[in-house]
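Comments concern the structure below.
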Amino acid sequence: AGLLDRVLDVLPAGGDLPLFDLAPSNPTEESVLAAHARYREQSCDGVVGLGGGSSMDLAKAVALLAGSGGPLGRFDPLIGGAKLIVDVAPIVAIPTTAGTGSEVSVGFVIVMKDGRKLTFASPRLIPSVAICDPDLTLALPPLLTAATGMDAITHCIEAVLSPVVNPPAEGIAYDGLHRAWRSIEAAVGDGSDRAARWNMMMASTEGALAFVKGLGAVHAMSHAAGRLSDLRLHHGTLNAVILPTILRYNAGTSDEKYTRLAQAMGLPAGTDLADAIATRNVALGLPRGLRDMGIRESMVGDLARHALADLSTRTNPRPIDADAYASLFRAAF
22 AGLLDRVLDV LPAGGDLPLF DLAPSNPTEE SVLAAHARYR EQSCDGVVGL GGGSSMDLAK
82 AVALLAGSGG PLGRFDPLIG GAKLIVDVAP IVAIPTTAGT GSEVSVGFVI VMKDGRKLTF
142 ASPRLIPSVA ICDPDLTLAL PPLLTAATGM DAITHCIEAV LSPVVNPPAE GIAYDGLHRA
202 WRSIEAAVGD GSDRAARWNM MMASTEGALA FVKGLGAVHA MSHAAGRLSD LRLHHGTLNA
262 VILPTILRYN AGTSDEKYTR LAQAMGLPAG TDLADAIATR NVALGLPRGL RDMGIRESMV
322 GDLARHALAD LSTRTNPRPI DADAYASLFR AAF
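Residue numbers (the working numbering): 22 to 354.
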């Protein structure tokens, strides 16, 4: 509430503006429809997304419905829906975490009514304005700082490993990884460290700029698990826990990229990337595996099917099928 008041106080209307503050931790189609109804009732002409990735993704979804109509599912890029995105209401994005980079990204993720967690993507979904002030993250608790920071690190790593050719995006990803890896422990250990917060905010933005190349199996698995409404799992925490398993699976697809990733992280030659990530997770106080987060063997088949159908599977550097996903979920336990 303190951050919201700070933003409302500087607006010309004196803060007397329509407000929707019911964004769930993983935004749902129902929450999008409720927010869009509020948008229409108040005759709004744009959206300000203030908060973490969930709030900004919800804002993007509302702006899409406001500009191009519904239903939301018709814009699924896996069925060619991106070309139907013809207009989007103006979006101002103000991140209060350093991880998702939604303030500059081409997409957003929503849990649909049928249980799927869909990624929607189009250049039209990039916010008109992004206000990235690291001071807005100073009060972020240590565990959330760690989880969102590992989200940014995962974005940078998966963007590099994507087989899509885009050297400028890879350069941005390497720089973002360098900043985040050297700053995340300081930001978690001392939330008032402005230099660490600045570098984490920059890394978050860079990660999202870079993943225009696409992501990979980490995000496919994270999206599959993040749709489980009874567990309400945090996206960044899932990415952190799953990342070592996928780095081992993808090893050998590009030794040069793995070497350059290690160099960006300042690791000694020959260091195992997956082991380095797992060790850092422990140091940051994050869970050691999916079992600690409530994932059970009985869920694996369903999770594997949803991961296989995820957009991010298409840009994983190593081919992957449902059986492989099932094995990977078990390996991440």
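Glycine residues also receive a C-beta, built at the ideal position from the N, C-alpha and C atoms.
This structure is a prediction, so every number in the text was calculated from the model and none was measured.
>> Short of 6 angstroms in beta carbon distance, which residues of its chain neighbour residue 175, apart from the five on each side in sequence? Order them along the chain.
In response: By 1-based counting over the sequence shown, the position of residue 175 is 154. Excluding sequence neighbours, residue 175 sits near 239, 260 and 264.
>> With H, G and I counted as helix, E and B as strand and the rest as coil, what does DSSP make of residue 49?
In response: Residue mapping note: residue 49 aligns to position 28 of the sequence shown, counting from 1. Residue state, collapsed to three classes: strand.
>> Restricting to Cα atoms, I'd like to know which of 37, 148, 329 and 208 is closest to residue 155.
In response: Taking the first residue of the sequence shown as 1, we reach residue 155 at position 134. Answer by Cα proximity: 208.
> Can we say the region 139–146 touches the region 197–213, given the rule of at least three CB pairs closer than 8 angstroms?
Replying inline: no
> So what does residue 71 bridge to, in DSSP terms?
Replying inline: Residue 71 sits at position 50 when you count from the first residue of the sequence shown. In the DSSP output, where bridge partners are listed per residue, residue 71 has 115.
> Contact check, residue 126 vs residue 109 under 8 angstroms by CB: the rounded distance?
Replying inline: Here residue 126 is taken as the residue at index 105 of the sequence shown, counted from 1. Here residue 109 is taken as the residue at index 88 of the sequence shown, counted from 1. Residue 126 to residue 109, Cβ: 13 angstroms. No contact.
> Mind pulling the alpha helix (DSSP H) runs of 4 or more residues that sit fully within the region 281–309?
Replying inline: 294–304
> Taking the alpha carbon of residue 67 as the point to measure from, which residue in 75, 73, 74 and 79 has its own alpha carbon closest?
Replying inline: Counting from one through the sequence shown, the residue named residue 67 turns up at place 46. Closest by alpha carbon: 79.
> residue 318: which of 343, 329, 350 and 309 sits nearest, CA to CA?
Replying inline: Start at 1 with the first residue of the sequence shown, and residue 318 comes out as number 297. Proximity to residue 318 across 343, 329, 350 and 309 peaks at 350, based on C-alpha coordinates.
> Which same chain residues, not among the five before or five after residue 224, have their C-beta less than 6 angstroms away from its C-beta?
Replying inline: Within the sequence shown, numbered from 1, the residue matching residue 224 stands at position 203. For residue 224, where only same-chain residues beyond five positions count, the Cβ hits under 6 angstroms are 173, 197, 200 and 201.
>> Our contact map puts residue 353 next to residue 262 with C-beta atoms below 8 angstroms; I'd like the distance itself, whole angstroms only.
In response: The residue you call residue 353 lines up with position 332 of the sequence shown. The residue you call residue 262 lines up with position 241 of the sequence shown. With 8 angstroms as the limit, residue 353 and residue 262 qualify as a contact, their Cβ atoms being about 6 angstroms apart.
>> Output needed for residue 245: all residues of its chain with C-beta closer than 6 angstroms, excluding positions within five of it in sequence on either side, in chain order.
In response: Within the sequence shown, residue 245 is the residue found at index 224, counting from 1. The beta carbon of residue 245 is closer than 6 angstroms to those of 324, 327 and 328 in its chain, skipping five residues each way along the sequence.
> Among 179, 305 and 253, which residue has its Cα nearest to the Cα of residue 267?
Replying inline: For the purposes of this step, residue 267 is taken as residue 246 along the sequence shown, with counting starting at 1. Here the closest residue by C-alpha is 179.
> Can you tell me the Cα-Cα spacing of residue 315 and residue 252, whole angstroms?
Replying inline: Locating residue 315 in the sequence shown gives position 294, where the first residue counts as 1. Locating residue 252 in the sequence shown gives position 231, where the first residue counts as 1. Distance between the alpha carbons of residue 315 and residue 252: 7 angstroms.
> Just to check, is the beta-carbon of residue 176 closer than 6 angstroms to a non-hydrogen atom of the ligand GDP?
Replying inline: Ligands in the displayed structure: none, and consequently the ligand GDP is not present.
> When you compare each of 28, 258, 241 and 308 to residue 138 by their alpha carbons, which one comes out closest?
Replying inline: Taking the first residue of the sequence shown as position 1, residue 138 is located at position 117. That would be 241, whose Cα lies nearest to the Cα of residue 138.
>> When you compare the CB positions of residue 51 and residue 131, do they come within less than 7 angstroms of one another, or not?
In response: Along the sequence shown, one-based indexing puts residue 51 at 30. Along the sequence shown, one-based indexing puts residue 131 at 110. No, the pair does not count as a contact, with Cβ atoms beyond the cut-off.
>> DSSP has residue 141 in a bridge; who is on the other side?
In response: Counting from one through the sequence shown, the residue named residue 141 turns up at place 120. Paired residue(s): 129.
> Hey, out of 333, 321 and 228, whose CA is closest to residue 347's CA?
Replying inline: Residue 347 sits at position 326 when you count from the first residue of the sequence shown. Checked all of 333, 321 and 228; the closest Cα to residue 347 is 321.
> On the three-state DSSP scale, how would you describe residue 107?
Replying inline: For this step, residue 107 is matched to residue 86 along the sequence shown. DSSP places residue 107 in coil when its eight states are reduced to three.
>> Which residue marks the beginning of the alpha helix (DSSP H) containing residue 26, and which one marks its end?
In response: The count along the sequence shown starts at 1 and reaches residue 26 at position 5. Per DSSP, residue 26 belongs to the alpha helix (DSSP H) from 23–30.
>> If the criterion is Cβ atoms closer than 7 angstroms, does the pair residue 192 and residue 122 meet it?
In response: For the purposes of this step, residue 192 is identified with residue 171 of the sequence shown, where counting begins at 1. For the purposes of this step, residue 122 is identified with residue 101 of the sequence shown, where counting begins at 1. No, these two residues do not count as a Cβ contact at 7 angstroms.
>> Distance check for residue 104 and residue 29, CA to CA, integer angstroms please.
In response: Position 8 of the sequence shown, counted from the first residue, corresponds to residue 29. Position 83 of the sequence shown, counted from the first residue, corresponds to residue 104. If I take the Cα positions, the gap works out to 35 angstroms.
>> My output table needs one value for residue 55: the three-state DSSP class, helix, strand or coil.
In response: As a working note, residue 55 is residue 34 in the sequence shown. In this structure, residue 55 counts as helix in the three-state DSSP scheme.
>> Are the CB atoms of residue 167 and residue 305 within a distance shorter than 7 angstroms?
In response: Within the sequence shown, the letter at position 284 stands for residue 305. Within the sequence shown, the letter at position 146 stands for residue 167. Closer than 7 angstroms, so yes.
> residue 43 and residue 55 look like a contact to me (Cβ under 8 angstroms); what is the Cβ gap, rounded to whole Å?
Replying inline: Counted from its first residue, the sequence shown places residue 43 at position 22. Counted from its first residue, the sequence shown places residue 55 at position 34. With 8 angstroms as the limit, residue 43 and residue 55 qualify as a contact, their Cβ atoms being about 7 angstroms apart.
> Would residue 142 pass as a contact of residue 128 if the rule is Cβ separation under 7 angstroms?
Replying inline: For the purposes of this step, residue 142 is taken as residue 121 along the sequence shown, with counting starting at 1. For the purposes of this step, residue 128 is taken as residue 107 along the sequence shown, with counting starting at 1. Cβ atoms of residue 142 and residue 128: closer than 7 angstroms.
> If you count every other CB in all the chains shown that lies within 10 Å of the CB of residue 124, and 16 or more means buried, which is it?
Replying inline: Reading the sequence shown from its first residue, position 103 is the one you call residue 124. Residue 124 comes out buried.
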